[in-house]
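Here is the structure we will look at, set down as structure tokens.
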């Protein structure tokens, strides 16, 4: 994981030209690639960007105002202040940058990776008193669960959330669990649980604690199949949340029929299903999704193959099933990185994941032609809320001896959530 990545003008131009050639989506698309440069000016909700239709739930953390000097500072001034603060803090602080983060922030990161890679990377910095997580809220929570008590986890902008993670809330999942428990209570006891809860990493600490407390575990997009195998050894069926697509794609690849994967829609009796369907179920899928990955479609892949014969199409498993089926490969952000790094001959890659990562790969591997399948180039709009102004602010506060925007998981959740994460760690692909 190397944070010292540069982007060449030639590579950027090539990507832009390829995207222009793949002009597939309707002009009335609700996504915009024109994110506000200053996230403090964004309206309520998750937008602008791919998630602008998703409304932030009530009670969600709101970022308060920060000193005006950070709002008015030029890019050059912010750069100088961040570099100086990092130098002053030295080993006392470690900065983590997610693959989907904007380049203007990633360049300061000590580690770049996916959410769980970053949480574990922070543990290698024994002297770090502060972990500055340039990602989204659930990632910072995971880092807090795994970090030492004397370490503070900081999220530069508290409004950096995740619409998918918010699609499964504690009360809704608890209600689902109670309905399933009542439905399956008379099943013959064969030593296995009627249902095992499995949550994707992209969820709140509250839900990680829920699965840990109820015999389940967390999964990543890298080890989802291994986690499902673990669950089926211990239970008859799996409740998988919050991302329906990762659950469906993984279970289908394991040979589970689509008819055995009913969708659970919150606030409907039995999730909108009848009892016979639920008794026959093997994987119960929560009605959740990633606003970025749901935008990819088979027509984009067909067009890419037409425009670039021999193109290698790799998509993230958060994409809809039809997209994964049409692609050559599906895999996690780490899988995509390694696939491109391992290509020994110049190759054309069409990638179905967040645009910041795709563009960074295009710059990092100029011997390949790498472009995003989605011509509207939707970014993760909430990830984009981590602006250099916020990063400069939290770092300079640390220099002054003050901790701001600390993310703290309640004590009553930490133990069970850590159990769920440790079970995940043991489920190696």
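In the numbering used here, the protein residues as written are 1126 to 1554. Quick reminder that beta carbons are idealized off the backbone N, C-alpha and C, glycines included.
Within the same chain, show all residues whose beta-carbon is closer than 7 Å to that of residue i, passing over the 5 residues directly before and after it, in chain order.
i	result
residue 1368	1289, 1325, 1327, 1413, 1414, 1415, 1443
residue 1187	1283, 1284
residue 1263	1287, 1290, 1327, 1328, 1329
residue 1449	1374, 1440, 1442, 1455
Taking residue i and residue j to be in contact with their CB atoms under 8 Å, please state how far apart those CB atoms are, rounded to whole angstroms.
i	j	result
residue 1498	residue 1465	The Cβ separation is near 15 Å, so there is no contact.
residue 1282	residue 1532	In fact, because the Cβ distance is near 12 Å, the residues do not count as touching under 8 Å.
residue 1515	residue 1191	7 Å
residue 1370	residue 1423	Rounded, the Cβ-Cβ distance is 14 Å, inconsistent with contact.
residue 1381	residue 1407	5 Å
residue 1278	residue 1366	Actually they are not in contact, since the Cβ atoms of residue 1278 and residue 1366 sit about 24 Å apart, beyond 8 Å.
residue 1323	residue 1340	Contact doesn't hold; Cβ gap of about 10 Å is too wide.
Check this for me: beta carbons of residue i and residue j, under 7 Å apart or not?
i	j	result
residue 1225	residue 1479	yes
residue 1195	residue 1468	no
residue 1389	residue 1259	no
residue 1337	residue 1541	yes
residue 1372	residue 1332	no
residue 1513	residue 1203	yes
residue 1437	residue 1472	yes
residue 1295	residue 1321	no
residue 1509	residue 1227	yes
Here's a check: name, in chain order, each residue in its chain whose Cβ is nearer than 6 Å to the Cβ of residue i, leaving out the five neighbours to either side.
i	result
residue 1552	1348, 1351, 1352, 1355
residue 1219	1235, 1247, 1250, 1253, 1256
residue 1398	1387
residue 1534	1266, 1269, 1270, 1330
residue 1546	1343
Take residue i and list the residues in its own chain whose beta-carbon comes closer than 8 Å to its own, dropping the five residues that flank it on each side.
i	result
residue 1554	1347, 1348, 1350, 1351
residue 1152	Because the pLDDT of residue 1152 is 34, which lies under 50, any placement of that residue in the model is unreliable, and the question is left without a value.
Assign residue i to one of two classes, buried (16 or more other C-beta atoms within 10 Å of its C-beta) or exposed (fewer than that).
i	result
residue 1550	exposed
residue 1291	buried
residue 1286	buried
residue 1451	buried
residue 1418	buried
residue 1362	buried
residue 1306	exposed
residue 1488	buried
residue 1420	buried
residue 1462	buried
residue 1526	exposed
residue 1274	exposed
Is residue i near the ligand FAD, judged by its Cβ being under 6 Å from some heavy atom?
i	result
residue 1508	This structure does not include the ligand FAD; it has no bound ligands of any sort.
Exercise. Residue ranges of each beta strand (DSSP E) run of no fewer than 3 residues wholly in the stretch 1266 to 1297, ordered along the chain?
Worked result: Complete beta strand (DSSP E) runs here, min 3: 1277 to 1279.
For this session: Please go through the stretch 1207 to 1246 and give each complete alpha helix (DSSP H) segment of 4 or more residues, from N-terminal end onward.
Result: Counting only runs of at least 4 residues, the stretch 1207 to 1246 fully encloses the following alpha helix (DSSP H) elements, listed from N- to C-terminal order: 1228 to 1231.
For this session: Entirely within the stretch 1357 to 1428 and at least 3 residues each: give me those beta strand (DSSP E) ranges in chain order.
Result: Unbroken beta strand (DSSP E) stretches of 3 residues or longer found wholly inside the stretch 1357 to 1428: 1363 to 1366, 1408 to 1411, given in chain order.
For this session: Return the chain-ordered ranges of every beta strand (DSSP E) run that is complete within the stretch 1489 to 1515 and spans a minimum of 3 residues.
Result: 1494 to 1497
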